[in-house]
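Take the working numbering: the final residue in the sequence shown is number 297, and no numbers are missing along the way.
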Amino acid sequence: MSVVAISPRQHPPGRVNRARVARPRTGPTLTITVDLSVGQVSPRLNRLMELLGELAESGEGRMSHEGRHFSDDVVERPTTQDPAAVRIVTGPRVVYQGDRPVPLTRIEYDLLLFLAERPRRVFTRIQLLNSVWGYDHAVVRTVDVHVRRLRAKLGTDNPLLTTVHGVGYRLADEARVTIET
117 MSVVAISPRQ HPPGRVNRAR VARPRTGPTL TITVDLSVGQ VSPRLNRLME LLGELAESGE
177 GRMSHEGRHF SDDVVERPTT QDPAAVRIVT GPRVVYQGDR PVPLTRIEYD LLLFLAERPR
237 RVFTRIQLLN SVWGYDHAVV RTVDVHVRRL RAKLGTDNPL LTTVHGVGYR LADEARVTIE
297 T
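What follows is the structure, encoded as structure tokens:
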């Protein structure tokens with residue numbers, strides 16, 4: 117088990133805080149990561165999970181457990197996902213296509229999440245550089261390269277990103293993307 121406490125920090129003027137652009141933090145954050153792949157959950161760990169769940173239910177916290185049930189036995193997520201559907205799980209920053217995890221780089225993940233959070237909106241390459249990369253002084257073709265790599269990783273038979281010629285990119289209308297926290 118690992119515990120990470122993150123407090124909000126101020127950045128020097130002119131420096132972009134990419135984490136605050138997508139999800140502003142209002143106060144200190146405590147992240148607890150528990151490896152549940154080892155087998156049974158101990159009674160003490162089960163009690164910790166119950167307490168965290170009570171905090172989340174009371175509105176004092178948020179708990180993401182990725183489909184796992186905390187009891188004496190760990191129950192896996194059923195594997196009945198649509199093979200073309202894409203799930204973006206924001207807590208651990210993981211993307212699944214059906215039941216298959218898709219390995220993405222940080223920028224590919226941020227780009228997909230940014231477009232998925234804003235469906236039916238077209239973004240120019242400059243807007244994407246500002247919003248996803250955090251700066252606009254790079255070559256705008258950088259966006260094209262990352263879109264091409266993202267399309268290759270998610271398969272050509274599942275069109276997620278649409279090119280609007282002469283303008284930029286957007287999430288495809290027929291894209292089956294869900295975002296989970």
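Glycine included, C-beta positions come from ideal geometry on N, C-alpha and C.
Can you find the residues in the same chain that come closer than 7 Å, C-beta to C-beta, to residue i, ignoring five residues on each side of it along the sequence?
i, result
"Tyr225", "Arg209 and Val211"
"Arg265", "Glu224"
"Pro235", "Leu287"
Determine whether the beta carbon atoms of residue i and residue j lie at a separation below 8 Å.
i, j, result
"Arg286", "Thr278", "yes"
"Ile295", "Ala200", "no"
"Asp270", "Val238", "Sequence inspection shows Leu at residue 270; the Asp mentioned does not correspond to that position. Not in contact: Leu270 and Val238 (Cβ atoms no closer than 8 Å)."
"Leu227", "Leu244", "yes"
"Met215", "Arg292", "Reading the sequence as shown, one finds Asp at residue 215 and not Met. Not a contact, by the Cβ cut-off of 8 Å."
"Thr240", "Val202", "no"
"Ile242", "Val256", "yes"
Bridge partners of residue i, per DSSP?
i, result
"Tyr285", "Phe239 and Thr279"
"Pro217", "Tyr212"
"Glu296", "Val205"
Whose C-beta lies closer than 6 Å to the C-beta of residue i among residues of the same chain, with five residues either side of it excluded?
i, result
"Thr206", "Thr297"
"Val259", "Arg241 and Leu244"
"Asp289", "none"
"Val261", "none"
"Asn274", "Ala200"
Would you decide whether residue i is buried or exposed? Buried here means 16 or more other CB atoms lie within 10 Å of its CB.
i, result
"His281", "exposed"
"Leu171", "exposed"
Residues in its own chain within less than 8 Å of residue i by CB, not counting five upstream and five downstream?
i, result
"Leu220", "Val211, Leu228, Leu266 and Lys269"
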